[in-house]
Amino acid sequence: MAVDENIISVKNLNFSYGKKKILDDVSFNVGKGDFISILGPNGAGKSTIVNLISSILKDYEGRIEVGGRNLRRLNSKDVAKMMAVVPQYTDPGFSFTVAEMVMMGRNPYISRFGTERKEDYHAADEAMEKTKILTFANRKFSELSGGEKQRVIIAQALAQDSPILLLDEPTSHLDINFQIEFMNLFLDLNKREKKTIIGIFQDINLAIQNSQKIMLLKEGRIFSFGSVEDTINRENIKNVFGSDVFIGRNPVTGNLYVSPVFNTAIERDIIAQGANKCSRVHVIGGGGAASQVISLLHSSGYVISCGVINTLDSDLDTARMLEIPYAAEAPFSPISLDSQNKNFEFIKSSDAVILPAVEFGPGNFSNLLSVNKAIGLRKKVIIIDKENIRKRDHTDGKAEKLYGKMIKNGAIAVETINEVLKQLQ
Amino acid sequence: MRTGTRTLKYIVILLIILGLIIIVAASTGAVKISLKDTGLIMASRIPGINRYINTDLIDYQDIVIISQIRLPRIFLSIFVGMALAGAGVIFQGLFRNPMADPYVIGVSSGAALGATIGLVFVTGAGLLGVSTITVFALLGALGTTFLVYNISRIRGKVSVITLLLSGIALSAMLSAITYFIMILRTQDMAKIVFWVMGGFTSATWGNFNVLAPIVTVLIIISGFFMRDLNIISLGDERAVQLGVQTDRVKKILLILASLIAAVAVSMSGVIGFVGLITPHILRLLVGPDHKILYPTSVIAGGIFMLMSDTLARTVLMPREIPVGIITSIAGVPFFLYLLLKSKKQIF
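Read top to bottom, the protein sequences are chains Z and H. So in our numbering the end of the first sequence lands on 422, straight run, no missing numbers. So in our numbering the end of the second sequence lands on 371, straight run, no missing numbers.
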């Protein structure tokens, strides 16, 4: 991107409160019309970046350019013409009306010795129209609900008619209907009016569903900055937030989504006991039957492999999401010898093999044969939901028969997934 | 209706009321003078109109009473009322605090101590037609403002909390010194108490001619910062985001309002409640927008003070009541009435 396309350019920005360093050598560029979300845990410096760009904080080292001009050389009205901020909430000391509040957004355009002109009333009306508050323009701000108040504050910011909009957690204290309404409004402003938007959102999914770029901040440094696809992955989230998450795709929009991993108390106990006899586990997949056990084992700290699954299987999505090695086969075709061998290599290097409630047909029957061979290799084999194999058997009883043989040879049958964890101890 | 038009409407109404009250106030007193004669005498003092006015038929004594005794007192009280109400609006807006009044950062105690020192220790003719006491009161008020302001300035920023606290602390100390002097000089105690209670008994054109231009200039300059004051009430940071140079504007307004209050208090002593209640009453009537609130409060402050002072000098004729007693007794019930009637949230 050419340099002049950058509407904001930050170079080697350092900022401290007393001795505590808040921002440490932060540099980044924001292109015209970008929608960027800043994500990071509390205290990472998100608000500080917004406060520095909007020149509330001034004692910084480094250089901030807005519209190609040094921020230090812009006066406060010029800055307010370039960028408007939507804060989390605003509490006026006096009970102004909605119209009076919105008109304050025109302050950068009104001279100290002048008064509101026609264009100022026009801009204020337009801003109130966009946020649907014209109908209560004459009501007192203090009498409005939280969501209505925030609409007024957004209108105040829109009245500034600035090319840049900074959002400092504008929806985090509001109900989901307002979150959606405001996000749609911000997207409209970004798409239709080409406003550049930099936002801080508490909700990661809200941010990644709507932003073009993500800035991950950790301890005052930029950990990662780029497209959603490049920045949002398990490792980065774990690194920045210290939390374990699954990252999947929204089946409707195809966008990434992040969902946290919650462990029940029992699972946590089992994990805490640690020192598992079996640390490497292979899971037979198919038809989504393995996903639940894979994620449970994964969050319990096991090293997992999976196979053989076809490439359209949801178990494969799970394996990919968790970055687990797997053996896969093309859909609607029987398991090839190659995949079979690859799968068996996984089994050989594992301590245990899990057989979830997979449907068996002629195409994947070889998976069962591999499990049977594992018993011969003295691997611990755990069979889930053995009782209902008849319903899942599409091989004229061959699978059911093999199940019986495996149990006889020492495979362990369990009913639920939690029992698997106990058996692995 | 647009802000400018609304403001103009209110100002015109208030000025008409003020004009009528001036005529009534000038005609009442120990010597009754008819409203017609009062009007003629006043008109004869206005350059340009006086050519067409014939006062030959009016008693010369009446002309002297009105033009040399009542009018300077009337106009001095109006300007002090304007100053106190204007400073009150600014301090309440800056501190976002309904309890703020023109004396909030200690000008009154400073002025009182200055006046006491002037009364007790200094004999002299005064300065530029202004009495020694007034000059010392002004020095005391300005000195206190300067001290409090510099104590609260931390790295170029003025902290509101420190300002209030150091104001209270310094006030307490200055009052203590004043009381100490009063104990040492019991023979002057009555004079000191009377000055501190405030009033316009010693009003002269000399005092007015000094006060009026200063107050006028300071009030007009402050008026240009009312849009900023509106926005600052959203919080300092929000104000910056909306393009206000918050730190600078706050400093300017703080200094202007302190000067206004200092000049007023040095002319009249410590008259309570006008600066506190006038802005509240007007906020109930015209709303919180400082662009309207400020000019209307200024005029209403003048009206309020003139009415109070007229009552102060007439209800117990020939005795005078300190005007501060009237402002409190008359102003507070009216304010409470408005507060109950509107039940609106003003803060």
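Even glycine gets a Cβ: it sits at the ideal position worked out from N, Cα and C.
Could you pull out every residue in the same chain whose Cβ sits closer than 8 Å to the Cβ of residue i, ignoring the five residues on either side in sequence?
i, result
"Thr62(H)", "Ile47, Ala50, Ser51, Ile90"
"Ala354(H)", "Met331, Ser332, Leu335"
"Ser246(H)", "Gly110, Ile114, Leu277, Leu280, Ala281, Ile284, Tyr318"
"Ile73(H)", "Ala67"
"Ala324(H)", "Leu38, Ala109, Thr302, Ile305, Leu306"
On the premise that residue j lies in contact with residue i, defined as a C-beta separation below 8 Å, what is that separation, rounded to the nearest angstrom?
i, j, result
"Glu216(Z)", "Ala41(Z)", "6 Å"
"Leu242(H)", "Ile284(H)", "5 Å"
"Ile175(H)", "Thr186(H)", "7 Å"
"Ser302(Z)", "Ile321(Z)", "6 Å"
"Asn11(Z)", "Tyr57(Z)", "7 Å"
"Asn340(Z)", "Ser367(Z)", "6 Å"
"Leu294(Z)", "Val278(Z)", "6 Å"
"Ile414(Z)", "Met318(Z)", "With a Cβ gap of about 18 Å, Ile414(Z) and Met318(Z) do not count as contacting."
"Gln269(H)", "Val82(Z)", "That belief does not hold up - the Cβ atoms of Gln269(H) and Val82(Z) are roughly 16 Å apart, past 8 Å."
"Met79(Z)", "Pro160(Z)", "7 Å"
Cutting at 6 Å between CB atoms, please list the residues of its own chain near residue i, excluding the five before and the five after it.
i, result
"Thr128(Z)", "Arg148, Ile151, Ala152"
"Ile307(Z)", "It is Asn, not Ile, that sits at residue 307(Z) in the sequence shown. Glu326, Pro328, listed in sequence order."
"Phe328(H)", "Gly105, Val298, Thr302"
"Tyr84(H)", "none"
Within the 8 Å Cβ cut-off, does residue i reach chain C?
i, result
"Ala120(Z)", "No chain C appears in the structure shown, which is made up of the protein chains Z and H."
Tell me, which residues are paired with residue i by DSSP?
i, result
"Ile107(Z)", "Partner(s): none; Ile107(Z) has no beta bridge."
"Leu213(Z)", "Leu36(Z), Ser221(Z)"
"Ser256(Z)", "Phe243(Z)"
"Arg277(Z)", "Val300(Z)"
"Asn207(Z)", "DSSP, once it has assigned bridges, lists no residue as partnering Asn207(Z)."
"Thr94(Z)", "Lys137(Z)"
"Ala425(Z)", "There is simply no residue 425(Z) to check, as chain Z begins at -2 and stops at 422 in what is shown."
"Asn26(Z)", "Ser6(Z)"
"Arg343(H)", "Paired residues: none, contrary to the question."
"Ala81(Z)", "Leu162(Z)"
"Leu20(Z)", "Phe12(Z)"
"Val63(Z)", "Ile5(Z), Arg66(Z)"
"Thr193(Z)", "Ile161(Z)"
"Asp390(Z)", "Phe357(Z)"
"Asn307(Z)", "Glu326(Z)"
Should residue i go down as buried or exposed, given a rule of 16 or more other Cβ atoms within 10 Å for buried?
i, result
"Val146(H)", "exposed"
"His170(Z)", "exposed"
"Gly251(Z)", "exposed"
"Ala272(Z)", "Residue placement at Ala272(Z) is poorly supported in this model, since its pLDDT is 46, which falls under 50; the coordinates still yield a value, given next. Exposed, because fewer than 16 other Cβ atoms sit within 10 Å of the Cβ of Ala272(Z)."
"Met341(H)", "exposed"
"Lys137(Z)", "buried"
"Val95(Z)", "buried"
"Ala(-1)(Z)", "The predicted position of Ala(-1)(Z) is uncertain, since its pLDDT is 45 and thus under 50; a value taken from the coordinates is nonetheless stated next. The residue in question, Ala(-1)(Z), is exposed, as its Cβ has fewer than 16 Cβ neighbours within 10 Å."
"Phe119(H)", "buried"
"Ser346(Z)", "exposed"
"Glu97(Z)", "buried"
"Ile350(H)", "buried"
"Lys16(Z)", "exposed"
"Phe99(H)", "buried"
"Ser208(Z)", "buried"
"Ile207(H)", "exposed"
"Met197(H)", "exposed"
"Ile70(H)", "exposed"
"Ile173(Z)", "exposed"
"Ala287(Z)", "buried"
Within a Cβ cutoff of 7 Å, which residues of the same chain sit near residue i, ignoring the five residues on either side of it in sequence?
i, result
"Lys18(Z)", "Gly217"
"Lys8(Z)", "Ser24, Gly59, Arg60"
"Ala371(Z)", "Ile344, Val350, Val378"
"Gln116(H)", "Pro122, Ala124, Pro303"
"Ile20(H)", "Residue 20(H) falls outside the range modelled here, since chain H spans only 25 to 371, and no answer is possible."
"Lys43(Z)", "Ile35, Gly37, Ile197, Leu214"
"Val310(H)", "Tyr34, Ile316, Leu317, Thr320"
"Arg251(H)", "Lys315"
"Phe371(H)", "Caution applies to Phe371(H), whose pLDDT of 48 falls short of 50 and renders its modelled position unreliable; the value that the coordinates give is listed next. The residues are Pro122."
At a cut-off of 7 Å, would you count residue i as near the ligand ATP, judging by its Cβ distance to the nearest heavy atom?
i, result
"Arg60(Z)", "The ligand ATP is not among the ligands present in this structure, which contains no ligands whatsoever."
(message) Can you confirm whether the region 32 to 46 of chain Z touches the region 194 to 212 of chain Z when touching is taken to mean that 3 or more C-beta pairs between the two stretches lie within less than 8 Å?
(response) yes
(message) Tell me whether the region 118 to 138 of chain H and the region 92 to 106 of chain H touch, counting them as touching only if at least three CB pairs, one residue from each stretch, are closer than 8 Å.
(response) no
(request) Would you check if there are 3 or more beta carbon pairs closer than 8 Å linking the region 340 to 349 of chain H to the region 207 to 222 of chain H? (result) yes
(message) Taking contact to mean 3 or more Cβ pairs, one atom from each stretch, closer than 8 Å, check whether the region 98 to 107 of chain Z and the region 153 to 173 of chain Z are in contact.
(response) yes
(message) With three or more C-beta pairs closer than 8 Å as the rule, is the region 153 to 166 of chain H touching the region 187 to 195 of chain H?
(response) no
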